[in-house]
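Enquirer: In my numbering, the protein residues as written are 133 to 686. Every residue, glycine too, gets a C-beta built ideally from N, C-alpha and C.
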């Protein structure tokens, strides 16, 4: 079957745009109908038909055959119908041809606009049908043009747009740049390109990890959560289904090769890879890395609030630059995180204790009052012991259900309570005084130890030779009457006493020791002289004096 040139053109256009040829044919037929109505300015029911063989577009006015015409634009009599078709009958429809050769330039321009609009709508429907199921998919695209803050990219047969919020903060784009982006959404009602791509979405990080890490692609390692501030920092929580596979090590790769390729694609964005944990407390400790956490506690499980305590030196690291680290960690967990240093927590506890002290002790601390009496006091607005102590007996009797006997009992219980509070510090002071007296008596006993015990201790601490010498010296008893003893014994006793005195007197003992040595030298020289005189013959009455005698005479 031969086809017209118009049909061949329609077929080629349909292949270029990726749409059905029948859609274009319907667009042409609708365009001719619009032009015909505009030319004839009638309300007739018009229909058009495209002839593929001839390429002609035929227009008809359809009217119904009736006995009596009520609407000339849509009805006609049987006689009028049989003039056009001899076999016409009542209640049938007759197609009356409308010449299109008379259509002018204005009608043709109108038809052209209608054709373009119909083709554009068909093209948008095709793009939507192709990409609506590809949201979240990683695509390679090329920068085609820049329209203000938006970047228009080429996706193949369709165009995509990258709004300013989906661009990396420090990234610039030039026409012809090749990018990796993720399909964020497909907007059917958009005036421009329907496909919205993003390089700032967290899904881009996940798709890049799936490309670079085989363990994530095959499902051994699972990405449980991602928190991202595009262009600056991302935190990725991963979990391993296989206990033998290190989820963090698999994502980092040997020498960091896997994660480094992702960082290069994201133009130097920092990436923290964290091990996921079902326990919110343990997960919070991991999410706040690289800071070291001391303690994590759940403040409100329903409101998902956590309190984290860190060292004073780790506080700035845990918060991060402009709060970035804790903000990403909170986004990763889905919990509100309140970080405090040890000093801040200590001050908070002290302020709470001070506030409790200012409020006073509750009346439940009183021993001896029944529950009914306490309820009556609470109903009257008395909550603390201090309030109760300030009330007069008349004020107490005004409380319903409290009589004079109960007032006396209350005042006695309050008095006992305060006396016990005063007695406790006094008891502590007495215990401290007793411990001080005991320590003082022990010191006195230690100071009164005998010199013999001190010498024995010195002998135990001295080496073997010195210990023996000390023992021998300690065994010699001091003389009771030095004048009645022999000179040699007296000298030995004097030597022992002098040695002991030297040990106790310090510099004075040194002087005594020197004098003793001089006396011993003189005594030894005297004994030698006497021995010589005894062995030498008489030298004519001449006598020799010993050095000691000479010294005595002098």
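Check the Cβ-Cβ distances between residue 262 and every residue of chain B, and say whether any is below 8 Å.
Expert: Among the protein chains of the structure shown there is no chain B, as only one such chain exists.
Enquirer: Compute the distance between the beta-carbons of residue 359 and residue 464, then report whether it is under 8 Å.
Expert: By 1-based counting over the chain shown, the position of residue 359 is 227. By 1-based counting over the chain shown, the position of residue 464 is 332. A contact, by the Cβ cut-off of 8 Å.
Enquirer: Could you tell me how far apart the beta carbons of residue 712 and residue 365 are, in whole angstroms, since I believe they sit closer than 8 Å?
Expert: Past the edges of the chain, shown from 133 to 686, lies residue 712, and the structure says nothing about it.
Enquirer: In this structure, does DSSP put residue 626 in helix, strand or coil?
Expert: Residue numbering aside, residue 626 sits at position 494 when the chain shown is read from its first letter. Model confidence at residue 626 stands at a pLDDT of 38, short of 50, so the residue's coordinates are unreliable; what they give is reported in the following sentence. Three-state result, residue 626: helix.
Enquirer: By Cβ distance below 7 Å, which residues in the same chain neighbour residue 300 in space, the five residues on each side in sequence not counted?
Expert: Counted from its first residue, the chain shown places residue 300 at position 168. Only 331, 332, 362, 363 and 399 meet the Cβ criterion.
Enquirer: Please tell me whether residue 206 and residue 196 are closer than 8 Å, where the distance is taken between their beta carbons.
Expert: For the purposes of this step, residue 206 is identified with residue 74 of the chain shown, where counting begins at 1. For the purposes of this step, residue 196 is identified with residue 64 of the chain shown, where counting begins at 1. Going by C-beta atoms, residue 206 is nearer than 8 Å to residue 196.
Enquirer: Have a look at 448, 181 and 265 and flag the residue whose alpha-carbon is nearest the alpha-carbon of residue 227.
Expert: By one-based count along the chain shown, residue 227 stands at place 95. Of the candidates 448, 181 and 265, the one whose C-alpha sits nearest the C-alpha of residue 227 is 181.
Enquirer: Figure out for me which residue from 173, 429, 502 and 455 has the closest Cα to the Cα of residue 477.
Expert: If you number the chain shown from 1, residue 477 lands on position 345. Checking every option, the nearest Cα to that of residue 477 belongs to 429.
Enquirer: Of all the options 229, 174 and 155, which has the alpha carbon lying nearest to the alpha carbon of residue 190?
Expert: Against the chain shown, residue 190 aligns to sequence position 58. Checked all of 229, 174 and 155; the closest Cα to residue 190 is 229.
Enquirer: Can you give me the Cβ contacts of residue 112 inside the same chain, cut-off strictly under 7 Å, excluding the 5 residues immediately before and after it?
Expert: Since the first residue shown for the chain is 133 and the last is 686, residue 112 is missing from the structure and cannot be characterised.
Enquirer: Can the beta-carbon of residue 441 be found closer than 8 Å to that of residue 472?
Expert: Position 309 of the chain shown holds residue 441. Position 340 of the chain shown holds residue 472. In contact: residue 441 and residue 472 (Cβ atoms closer than 8 Å).
Enquirer: Taking residue 414 and residue 438 to be in contact with their CB atoms under 8 Å, please state how far apart those CB atoms are, rounded to whole angstroms.
Expert: Numbered from 1 along the chain shown, position 282 holds the residue referred to as residue 414. Numbered from 1 along the chain shown, position 306 holds the residue referred to as residue 438. That pair is no contact at about 12 Å.
Enquirer: Mind checking which residues open and close the beta strand (DSSP E) that includes residue 292?
Expert: As a working mapping, residue 292 is identified with position 160 in the chain shown. Residues 291 to 294.
Enquirer: If we require 3 or more residues per run, which beta strand (DSSP E) segments fall completely within the region 223 to 296?
Expert: Counting whole runs of 3 or more residues, the region 223 to 296 contains the beta strand (DSSP E) stretches 225 to 230, 270 to 279, 282 to 286 and 291 to 294.
Enquirer: With a Cβ-Cβ cutoff of 8 Å, do residue 282 and residue 296 count as a contact?
Expert: For this step, residue 282 is matched to residue 150 along the chain shown. For this step, residue 296 is matched to residue 164 along the chain shown. Yes; because the gap between Cβ atoms is below 8 Å, this pair is in contact.
Enquirer: Which partner residues does residue 179 have in the DSSP bridge list?
Expert: Start at 1 with the first residue of the chain shown, and residue 179 comes out as number 47. Answer is 192, bridged to residue 179.
Enquirer: According to DSSP, simplified to helix, strand and coil, what is residue 507?
Expert: Counted from its first residue, the chain shown places residue 507 at position 375. It is helical.
Enquirer: Per DSSP, what kind of secondary structure is residue 359 in: helix, strand or coil?
Expert: For the purposes of this step, residue 359 is identified with residue 227 of the chain shown, where counting begins at 1. DSSP places residue 359 in strand when its eight states are reduced to three.
Enquirer: Could you tell me which whole beta strand (DSSP E) segments of length 3 or greater appear in the region 361 to 413?
Expert: List check, beta strand (DSSP E) in window: 365 to 372 and 402 to 407.
Enquirer: For the alpha helix (DSSP H) containing residue 310, list its first residue and its last residue.
Expert: The residue given as residue 310 occupies position 178 in the chain shown. Taken as a continuous stretch (DSSP letters only), residue 310 belongs to no alpha helix (DSSP H), being part of the beta strand (DSSP E) at 310 to 318.
Enquirer: For my contact list, residue 315 and residue 268 are in at a C-beta cut-off of 8 Å; report their separation, rounded to the angstrom.
Expert: Here residue 315 corresponds to residue number 183 of the chain shown, with the count starting at 1. Here residue 268 corresponds to residue number 136 of the chain shown, with the count starting at 1. Yes, residue 315 and residue 268 are in contact; Cβ-Cβ is about 7 Å, under 8 Å.
Enquirer: Using the beta-carbon count (16 or more within 10 Å), is residue 370 buried or exposed?
Expert: In the chain shown, residue 370 corresponds to position 238, counting from 1. Classification for residue 370: buried.
Enquirer: Do you know how far the Cα of residue 280 is from the Cα of residue 255?
Expert: As a working note, residue 255 is residue 123 in the chain shown. As a working note, residue 280 is residue 148 in the chain shown. Distance between the alpha carbons of residue 255 and residue 280 is about 25 Å.
Enquirer: Do you know how far the Cα of residue 156 is from the Cα of residue 327?
Expert: Along the chain shown, read from residue 1 onward, the residue named residue 327 stands at position 195. Along the chain shown, read from residue 1 onward, the residue named residue 156 stands at position 24. Roughly 23 Å between the two C-alpha positions.
Enquirer: Ends of the beta strand (DSSP E) at residue 469?
Expert: Translated into positions along the chain shown, residue 469 becomes position 337. Taken as a continuous stretch (DSSP letters only), the beta strand (DSSP E) holding residue 469 covers 468 to 473.
Enquirer: For a test of the three-state rule: what should DSSP assign to residue 495, helix, strand or coil?
Expert: Numbered from 1 along the chain shown, position 363 holds the residue referred to as residue 495. Helix.
Enquirer: On the criterion of 16 or more Cβ atoms from any shown chain inside 10 Å, does residue 593 qualify as buried, or is it exposed?
Expert: In the chain shown, counting from the first residue as 1, residue 593 sits at position 461. Low confidence applies to residue 593: its pLDDT is 40, below 50, so where it sits in the model is not reliable enough to give any reading.
Enquirer: For the region 156 to 175 against the region 247 to 261, do three or more pairs of beta-carbon atoms, one drawn from each stretch, fall closer than 8 Å, so that the two count as touching?
Expert: Result yes; three or more Cβ-Cβ pairs closer than 8 Å.
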